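Novice: Per the working numbering, the sequence shown starts with residue 945, numbered consecutively.
Sharing a structure here in structure tokens format.
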Amino acid sequence: GVKADKSKVKLTVSDDLNTVTLETFDSSGIKASSKVAVKHGSITEETLKANKLDSKKLTRSNETILEYSQMTDADNATKAVETLKNGIKLEGNLVGGKTTLKLTEGTVTFK
């Protein structure tokens, strides 16, 4: 559909009905964000700036959330935050497609 500000929204459902994708495009046709919901309960949200991936949020069916921000590309992010079901947050980064998180308890840091 087309919104009043001339931006567009595209909804796609996979042939097997297991995946629903919602994409938002700005008035010049450049993708601004996408959200993918999968039947087993996970949701992936991506935000783009200047046509480049800026942040990504993965919400799993077990209610844990992994968020990447300050992304330089799909495999690298300056900041990664894993939020566990009980609200505990682990911080780290994404380098070369590998997420590294650290747990700090008092003066001890586990990696």
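Beta carbons are placed, not taken as given, at the ideal position from N, Cα and C, and that holds for glycine.
Remember, predicted model here, so these are calculated numbers, not experimental data.
Sorted by chain position, which residues of the same chain lie with C-beta nearer than 6 Å to Leu1002's C-beta, five sequence neighbours on each side aside?
Specialist: Within the sequence shown, the letter at position 58 stands for residue 1002. Counting only residues of its own chain and dropping the five nearest sequence neighbours on each side, Leu1002 has a CB closer than 6 Å to the CB of Thr988 and Leu1010.
Novice: According to the neighbour-count rule (16 or more other Cβ atoms, all chains shown, within 10 Å of its Cβ), is Ser978 buried or exposed?
Specialist: Looking up residue 978 in the sequence shown gives position 34. So Ser978 ends up on the buried side.
Novice: Identify the continuous beta strand (DSSP E) that holds Glu1007 and give its terminal residues.
Specialist: As a working mapping, residue 1007 is identified with position 63 in the sequence shown. It is not in any beta strand (DSSP E) - Glu1007 carries neither H nor E in the DSSP assignment.
Novice: My assumption, with CB atoms under 8 Å, is that Lys1000 sits in contact with Glu990. Please give the rounded CB distance.
Specialist: Residue numbering aside, residue 1000 sits at position 56 when the sequence shown is read from its first letter. Residue numbering aside, residue 990 sits at position 46 when the sequence shown is read from its first letter. About 5 Å separates the two Cβ atoms, so the contact holds.
Novice: Indicate the three-state DSSP secondary structure (helix, strand or coil) for Ala981 in the structure shown.
Specialist: As a first step, residue 981 is located in the sequence shown; it is residue number 37 there, counting from the start. Strand at Ala981.
Novice: Could you name the residues of the same chain whose beta carbon sits closer than 6 Å to that of Thr1043, not counting the 5 residues immediately before and after it, in chain order?
Specialist: By one-based count along the sequence shown, residue 1043 stands at place 99. Result list for Thr1043: Ala1024, in chain order.
Novice: Just mark Ala1021 as buried or exposed, buried being the case when its beta carbon has 16 or more other beta carbons within 10 Å.
Specialist: Here the question's residue 1021 lines up with position 77 in the sequence shown. With 16 or more other Cβ atoms within 10 Å, it is buried.
Novice: Whole-angstrom Cβ separation of Leu997 and Ala976, contact assumed at under 8 Å?
Specialist: Mapped onto the sequence shown, residue 997 falls at position 53. Mapped onto the sequence shown, residue 976 falls at position 32. In fact, because the Cβ distance is near 11 Å, the residues do not count as touching under 8 Å.
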